[in-house]
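Visitor: Following this message is one structure expressed as structure tokens.
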Amino acid sequence: MACRHLTHLACGWNGEVGRRLVTVTLLAVFLVGTVLPLGAASSPEITVGLNGDHTPHQPNNDHDDHASHNTTKKAFPVLSFDFERIGMPFEISLWVLLASLMKLGFHLTPRLSGIVPESCLLIVVGLLVGGLIKVVGQKPPVLESNLFFLCLLPPIILDAGYFLPIRPFTENMGTILIFAVVGTLWNAFFVGGALYGICQLEGVHLKNYDLLSCLLFGSIISAVDPVAVLAVFEEIHINELLHILVFGESLLNDAVTVVLYHLFEEFAGVGTVTMVDVLLGIVCFLVVSLGGILVGAIYGILAAFTSRFTSHTRVIEPLFVFLYSYMAYLSAEVFHLSGIMALIACGVVMRPYVEANISHKSHTTIKYFLKMWSSVSETLIFIFLGVSTVAGDHNWNWTFVTSTVLLSLVARVLGVVGLTFVINKFRIVKLTTKDQFIIAYGGLRGAIAFSLGYLLDKVHFPMRDMFLTAIITVIFFTVFVQGMTIRPLVDLLAVKKKQETKRSINEEIHTQFLDHLLTGIEDICGHYGHHHWKDKMNRFNKKYVKKCLIAGERSKEPQLIAFYHKMEMKHAIELVESGGNVKLPSALPSTVSMQNIQPKKLQERALPQIPKGREEEIRKILRTNLQKTRQRLQSYNRHTLVVDPYEDGWNEVLLKRKKVIELEKKINQMSNYLTVPAGPPESPTLARARLSSDPQAWSMKPDSDGVPAIKVDLASPQSPPDSVNITDEFGKRSGPPAGGGEEGGLVMKRPHPPPSLSVTAATKEEKGGRRQQQQPEEDEEGRDPQRLMRCLSDPGPSAEEEEDEPFLP
Amino acid sequence: MVIRTDSPVAAAASPTPRDTLCPILSLANNMGASQSEHEFKDLAERTGFSLDQIKNLHQRFKWLTNHQETLRQEDFEKVSHLSLNPIKGQIVKAFFDKRNFGKHEVGLVEEIGFEEFLMVMSHFKLPNKKLTDEDTEDVRTEKLRFLFNMHDTDNDGTITLEEYRHLVEKLLSTCETLEQDTSLAIADAAMLEVARITVGHMEPHEVYEGITFEQFQQILKGVQIETKMNVRFLQMDTTTMRCGK
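Rendered as structure tokens:
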């Protein structure tokens, strides 16, 4: 944050030049920074590095030192230097810091990021750092397979799995599976076979390479890499269909790659393959993929079940999600099952239930943590790819490398075109030539291939170095050439881009309606298709699974209502956030409100409009009051992340007095107070609907403290005593409002009317009976700060929270 | 659009007794296989279904009607799964809504013949050939019109707030624990959203009447209805292999 402020300062001061200067300086400083400890640590025992080779004789040394200290009395060292002890964590942090700063610097230079994808730039940075380390005389660290598979890969995959867009994914499942399984198999065998053919040619001098190692190489090089695909595709904002096709393929081909890799590695040692082996291979594929999914699903259900009981310890909620997922990944890897599949399955299975159980804050935490981890991992992976390129021993063979690059391109294109031809016969939305081109062109290779190649045993595979060189070349080719040209090509071909629209409640309603309609039509036709089974699944899920995995009322909540609540919450947060700002982030510049769509009460509503400027002013005041009251009402609780209880009490009272006086002045100038919150049009309805619809929000059970919803209602200064004062003063000073109408006046007489309610008077009256029942409850709420405090102990969304897309998928 | 063509048979179809409702079909049933084959070809041309699909649907139709010529509302009770469907009423009603028969008529009928059945089903048909952009737009409009008609029960050209509330209520009707107000609130919020998106600015004294068809199209811009509102009519009673949407 400080860094950003600094750069902002720089920007203001010197504009573009300043920005570039800062970036360059940052870069320079941290390039030097990473190398310095390595350089300084030239004594042998500090080459701990990321390779993880600790020096075993360390304790011995210590002991000796101690003994000598005791015998000969020396001056007590005031300042001592012991880098060895912190060497490893220090270096790791330095790498992560480097990665993060690179990312930061990259995004500070918009022009550069417009042309070059981040992944390319990071590789270049890696190359530079590697070169620098080499110049200094150290051995640069290599992207270790264990480091990659156990630390760097899981966050990215979990992020992808947890936030996987389920609907497009399942709708295109068939296509994705065919690309992932058949496509990858075809790629592996085509590349492997053709390479073997080339190796057998005269004059290539690679005759000692047998078919199996070529096939092994083919299987390594054939898989599309999720990390690379994500890095490039997230930047070009391609339409959802193409994105999910390429990305889904890259996720699901993991099982194929794992099986092929282990199969060929095994057989390459033996040398012969029988029919039985092939059969076993197919069985193995099924076991690896389905087993991975099963392991993931089990852990997912466990996570969901655990989250059922976390309502009292909200702080550790996110941890369960991460831990269970990681356990799923590790458990799958133990049996050489597909860890990626396990992670995806785990994320997909747990998400709907976990989200229903955890608090809104925890959800935000999960989201940000996943995004943070995955982006740092991704950055590190690309940097390490660069560093490893410098570090590794290379064996450059022109024929082999060029033919690998060409063959993998050709195989990809042929595979995609051929498979699409078959797939299009079954698809409703046919894949056009453009789509095919993008799918083929988006088949980027990445660090998984490199790590798999790195894993090869040099004793069994003397050609490992050459393989690695070829793999790196293919990765560089795909990431640099294809990654850099894909954006202009997408523009050139006018491929449909992703529409940046939020899902509206109408779309949700009609999508659901359509689902039911199609299920109904299928039933009438007696055709048990897609919709029929989906409906059955949903029923089963609702009837049994949700009851077990979701705590309390929410298990019975239909999807539409859940969606509505999420949306409501989002609007409320936006409302609070935009309270002080002049520009509203999402609210359209429109003034349609409930009264427009409910014509009955029209005649009674003749409220004059408040000028825009005044409206903002009022909103600001209301917001400040809201924040103040919130701070005061929060009580300390270690599990709910609330701080500063009753801090600065006296000052606040003074401040409040001042505020009240200011407010009075403004109120006097104001024509009508009542229409204030009508500004953001959805607020009244939503606030009202929240009151009436969410049973949890108003339940006074002590365990309902975690329900995030309640904060919403605080947007109206209804409950805290001091705002009650304010409204009282309103009443005294401004008297009955000018054109307030009947209900307006009526509400004003109340000592603490929530303004939002008064605005929805039109709707309120229409539901007269119900409102009457509710009113006492609200009064009680106002008088009873104790209860409110309980509701507040999980603060839910706060105004300061930077939540761009709260709670919505 | 194929559906919009006016046919002599269609013109004859009005709320009349069972026997005269669909003369050709009853004829076909009487005159044996070759005749019915010919009849099916005719229907295939008009509805755009393939012959196999028509045969399949005809079998189903006969099963539904107990080998009668016409289909009544009660016959839908035979479909057991339908009773679980929250919008069952609307679905059944759509089969008896004259607006869906491709003629410019309004109102409800008591019973329908096979041709009407096909006409309603044809709204869910897969496109036969590769569509140009204009065709896609046509298909989209036609499918949206079908949906719109399902919501606009009184055929006044708008979905009023009452109708919208009814719709949401129905959608949520499977949930027992629900408070009535929730569905109302959702419908209100949705209506408000439509008004905000389509109209934009409204003075307090103005009244938003309801969603017109154009506005309906506008709010569903993001949903690719032309690719979603499809049922595969071949291979009845089997799970079909599916690739994609």
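Residue numbers (full-length UniProt numbering), protein chains in the order written: chain P, 1 to 809; chain U, 1 to 245. For every residue, glycine included, the Cβ atom is placed at its ideal position computed from N, Cα and C.
1) Starting from the beta carbon of isoleucine 219(U), find every residue of chain P whose beta carbon is closer than 9 Å, and list them in chain order.
2) Name, please, each residue of chain P whose Cβ falls closer than 8 Å to the Cβ of residue 246(U).
3) Using a 10 Å radius around the Cβ and a threshold of 16 neighbouring Cβ atoms, would you call arginine 99(U) buried or exposed?
4) Which residue comes first and which comes last in the alpha helix (DSSP H) that contains serine 250(P)?
5) Taking Cβ-Cβ distances shorter than 9 Å, what residues in chain P pair up with residue 250(U)?
6) Would a check of beta-carbon distances place asparagine 149(U) closer than 9 Å to chain P?
7) What did DSSP end up calling glutamate 209(U) once you bin it into helix, strand or coil?
8) From the DSSP output, in three-state form, read off arginine 445(P) for me.
9) Tell me, please, whether the stretch 161-170 of chain P touches the stretch 231-248 of chain P by the rule of three or more beta-carbon pairs shorter than 8 Å.
10) Within 10 angstroms of the Cβ of tyrosine 544(P), are there 16 or more other Cβ atoms? Answer buried if so, exposed if not.
11) What in chain U is Cβ-close to threonine 519(P), meaning under 7 Å?
12) Spatial neighbours of residue 813(P) within its chain, please: C-beta separation below 7 Å, excluding the five flanking residues on both sides.
13) Glutamate 77(U): buried (16+ other C-beta within 10 angstroms of its C-beta) or exposed?
14) Throw me the rounded Cβ distance for the leucine 184(U) and isoleucine 87(U) pair, which I believe falls under 8 Å.
15) Count the other CB atoms, across all protein chains shown, that sit within 10 Å of the CB of leucine 79(P); report buried if there are 16 or more and exposed otherwise.
16) Tell me which residues share the same chain as residue 246(U) and place their Cβ nearer than 6 Å to its Cβ, disregarding the 5 neighbours each side in the sequence.
17) Keeping to the same chain, check which residues put their C-beta closer than 6 Å to that of phenylalanine 190(P); ignore five residues upstream and five downstream.
18) Taking CB distances under 9 Å as the criterion, tell me whether isoleucine 112(U) reaches chain P.
19) I need the straight-line Cα distance from isoleucine 383(P) to arginine 427(P), nearest angstrom please.
20) Of all Cβ atoms in chain P, is any one closer than 9 Å to the Cβ of glutamine 68(U)?
21) Candidates Leu279(P), Leu212(P) and Ile366(P): which alpha carbon is nearest leucine 158(P)'s?
22) Below 8 Å on C-beta distance, what does phenylalanine 124(U) contact in chain P?
23) Alpha carbon to alpha carbon, how far is glutamate 209(U) from glutamine 603(P)? Give it in angstroms, no decimals.
24) Bridge partners for leucine 108(U) per DSSP, in chain order?
25) From methionine 372(P) to isoleucine 381(P), what distance separates their C-alpha atoms?
26) May I ask you to list the residues that DSSP assigns as paired with threonine 158(U)?
27) Just verifying my parser: in three-state terms, what is the DSSP assignment at isoleucine 111(P)?
28) Can you confirm whether glutamate 193(U), when its beta carbon is compared against all beta carbons of chain P, has any partner nearer than 9 Å?
29) Kindly indicate if chain U contains any beta-carbon less than 9 Å away from that of arginine 314(P).
30) Does the distance from the CB of isoleucine 238(P) to the CB of valine 490(P) come in under 9 Å?
31) Tell me whether lysine 55(U) sits in a helix, a strand or coil according to DSSP, three-state version.
32) Compare the C-alpha of valine 413(P) against each of Ser145(P), Tyr326(P) and Lys434(P) and name the closest.
33) How would you list, in chain order, the residues of chain P whose beta-carbon sits under 8 Å from the beta-carbon of arginine 99(U)?
34) If we count the other Cβ atoms within 10 Å of its Cβ and call it buried at 16 or more, is serine 758(P) buried or exposed?
35) Is the Cβ-Cβ distance between isoleucine 221(P) and phenylalanine 476(P) less than 9 Å?
Guide: The relevant details are as follows:
1) Ser504, Asn506, Glu507 and His510
2) This structure does not reach residue 246(U), given that chain U is present from 1 up to 245, and the question cannot be answered.
3) The residue is buried, with at least 16 neighbouring Cβ atoms inside 10 Å.
4) 240-270
5) There is no way to answer for residue 250(U), as the model of chain U reaches only from 1 to 245.
6) No, asparagine 149(U) lies away from the interface with chain P (no Cβ there is under 9 Å from its Cβ).
7) coil
8) coil
9) A contact between stretches requires three or more CB pairs, one per stretch, nearer than 8 Å, and the stretch 161-170 of chain P meets this requirement with the stretch 231-248 of chain P.
10) exposed
11) Asn85
12) Outside the shown range of chain P (1 to 809) lies residue 813(P), about which nothing can therefore be said.
13) exposed
14) The pair is not a contact, with the Cβ atoms about 18 Å apart (cut-off 8 Å).
15) exposed
16) The structure shown does not extend to residue 246(U), since chain U spans only 1 to 245, so no value can be given for it.
17) Ala411
18) no
19) 40 Å
20) no
21) Per the Cα distances, Ile366(P).
22) Leu518 and Ile521
23) Below a pLDDT of 50, predicted positions are generally treated as unreliable, and glutamine 603(P), at 36, falls in that range; the measurement from the model is reported next regardless. Computed Cα separation, rounded: 16 Å.
24) Note: leucine 108(U) sits in a beta bridge opposite Asp97(U).
25) 14 Å
26) Thr212(U)
27) The residue you asked about is not isoleucine; residue 111(P) is arginine in the sequence shown. DSSP places arginine 111(P) within a helical segment (H, G or I) once states are collapsed to three.
28) yes
29) Residue contact with chain U for arginine 314(P): absent (no Cβ-Cβ distance below 9 Å to any residue of chain U).
30) yes
31) helix
32) Lys434(P)
33) Residues of chain P passing the Cβ test: none, with the nearest at roughly 16 Å.
34) Below a pLDDT of 50, predicted positions are generally treated as unreliable, and serine 758(P), at 38, falls in that range; no measurement from the model is reported.
35) Note that the C-beta distance between isoleucine 221(P) and phenylalanine 476(P) is not below 9 Å.
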